[in-house]
Amino acid sequence: MLIKDPLKIEVQRGGFQESLHLVHAVVSDSSGKVVESWGDIDFLTFPRSAVKPLQAIPLILSGAEERFQMSSAELAMACSSHGGESAHLRVVSSWLKRIGCGVDDLECGSHWPSHEESAHDLARAGSYPFALHNNCSGKHIGFLTLARQRQLDSNGYIHPDHPIQQEIRSTLQYMMELDLRDAPMGIDGCSIPTWGVPLKAIAKGFARFVTGDQLTKEHQGACEKLRSAMVAEPFYVAGTNRHCTKVMKAFGGSVVCKTGAEGVFAAGIHELGLGITLKAQDGNQRAAEVALSHILQQVGVNPESPDFSIEQPLYNRNQWNIGSVRPMD
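Counting in the working numbering, the sequence shown runs from 47 upward without gaps.
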């Protein structure tokens, strides 16, 4: 296939192009047919947190969601990269307690909340972050819940040879129709394995996720439960002023999306049966966010919210609008 030019996302300041980001992207249906592309659709990518919705599928298939009577907010948090806000912590704390686990059972590590006000509140209280503050704690509680359901020892559940990660890998292979045995493997920020895959495979997986096409009846049901939870509870997928949350709110549930570290984004458009994946070549997150919004417009999906804009304004410390991040014409 002829490689087209990548998307170009520019940073404008004072009418001058200050920075330029190149973005590889692909739009695919559930069969893998490419509908639109920019740059290299085979660009080998660690999807990082962008595939959390796919990683949560075994949670539903196992029966754990029914056994532990999981709420839609909890299902959304199983797919989340949350900001560590108080509402996020309440949900994950309750869920963790209900499955009979403690914070020490989480193997994701800790970091300060990405939500700035929540981090300030924590510091003012003289406290330090723990594993529940980790943006991946919802996903990890999902892994612990799956281990409880499978009657497995959860110790070391983050390692590639643990049955939990083996099941996750099998699910990713099924959803993307890939063999990951020879794929390059790295370790994610939360310590689980992440495999390098072509962008087009992730897009295909998300198209299958939002449509259920070419999936078993059980997988269709699992995907629909997770998709519905994400669009019903977008705050619990990310949080205040986060792009995932803003997009899912603005598009009224027709779009499900998930960001990943290093400038990755994946999305699915339910009504059109399409999956989208993109990677900012330099790993820039703002470029990935603008690129996703631009691609949604290009494929003909319009936001319900009149306030949603593709272009992101730049503000200085005095809150003056001094530029923007936008697609190049």
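We put the CB at the ideal spot given by N, CA and C, even for glycine.
Start-to-end residues for the alpha helix (DSSP H) that takes in residue i
i: residue 238; result: From DSSP, residue 238 is part of no alpha helix (DSSP H); its letter is neither H nor E.
i: residue 257; result: 245-257
i: residue 275; result: 263-278
i: residue 188; result: 183-196
i: residue 284; result: Counting along the chain, residue 284 falls outside any alpha helix (DSSP H), and DSSP gives it neither H nor E.
i: residue 220; result: 209-222
i: residue 166; result: 162-170
Close Cβ partners of residue i (< 8 Å) along its chain, the five nearest in sequence each way excluded
i: residue 149; result: 142, 176, 177 and 178
i: residue 242; result: 90, 91, 92, 229, 230, 231 and 232
i: residue 135; result: 178 and 179
i: residue 361; result: 367 and 368
i: residue 69; result: 52, 53, 54, 55, 84, 85, 309, 324, 325, 326, 327, 333, 334 and 337
Cβ-based burial, residue i [other Cβ within 10 Å; buried from 16]
i: residue 254; result: buried
i: residue 62; result: exposed
i: residue 330; result: buried
i: residue 200; result: buried
i: residue 49; result: exposed
i: residue 166; result: exposed
i: residue 213; result: buried
i: residue 314; result: buried
Close Cβ partners of residue i (< 7 Å) along its chain, the five nearest in sequence each way excluded
i: residue 105; result: 111, 124, 188, 191 and 192
i: residue 67; result: 55, 326, 328, 330 and 333
i: residue 307; result: 94, 95 and 235
i: residue 120; result: 137 and 141
i: residue 317; result: 300
i: residue 226; result: 215, 218, 219 and 241
i: residue 160; result: 129, 130 and 181
i: residue 343; result: 356
i: residue 289; result: 305 and 335
i: residue 147; result: 190
i: residue 208; result: 202
N-terminal and C-terminal residue of the beta strand (DSSP E) that residue i is part of
i: residue 290; result: Taken as a continuous stretch (DSSP letters only), residue 290 belongs to no beta strand (DSSP E), being part of the alpha helix (DSSP H) at 289-296.
i: residue 231; result: 231-233
i: residue 305; result: 301-306
Other residues of its chain near residue i: CB distance less than 6 Å, five sequence neighbours each side excluded
i: residue 247; result: 222 and 224
i: residue 371; result: 57, 332, 336 and 358
i: residue 339; result: 356
i: residue 312; result: 96, 248, 252, 304 and 323
i: residue 206; result: 239
i: residue 122; result: 275, 276, 279, 282 and 283
i: residue 194; result: 145
Sub-8 Å separation of residue i and residue j beta-carbons
i: residue 249; j: residue 72; result: yes
i: residue 153; j: residue 203; result: yes
i: residue 114; j: residue 94; result: no
i: residue 259; j: residue 74; result: no
i: residue 285; j: residue 291; result: yes
i: residue 109; j: residue 164; result: no
i: residue 351; j: residue 278; result: no
i: residue 264; j: residue 100; result: no
i: residue 244; j: residue 88; result: yes
i: residue 133; j: residue 272; result: no
i: residue 81; j: residue 320; result: yes
i: residue 256; j: residue 302; result: yes
i: residue 184; j: residue 126; result: yes
Open item on the list: Suppose only complete runs of 4+ residues qualify. What are the alpha helix (DSSP H) ranges in the stretch 52-131, listed by chain order?
Closed with: DSSP runs (the alpha helix (DSSP H)) wholly in the stretch 52-131: 98-101, 103-107, 110-113 and 118-124.
Open item on the list: Which runs of the beta strand (DSSP E) at least 3 residues long sit entirely within the stretch 310-368? Give them in chain order.
Closed with: Counting only runs of 3 or more, we get 310-315, 320-326 and 358-361.
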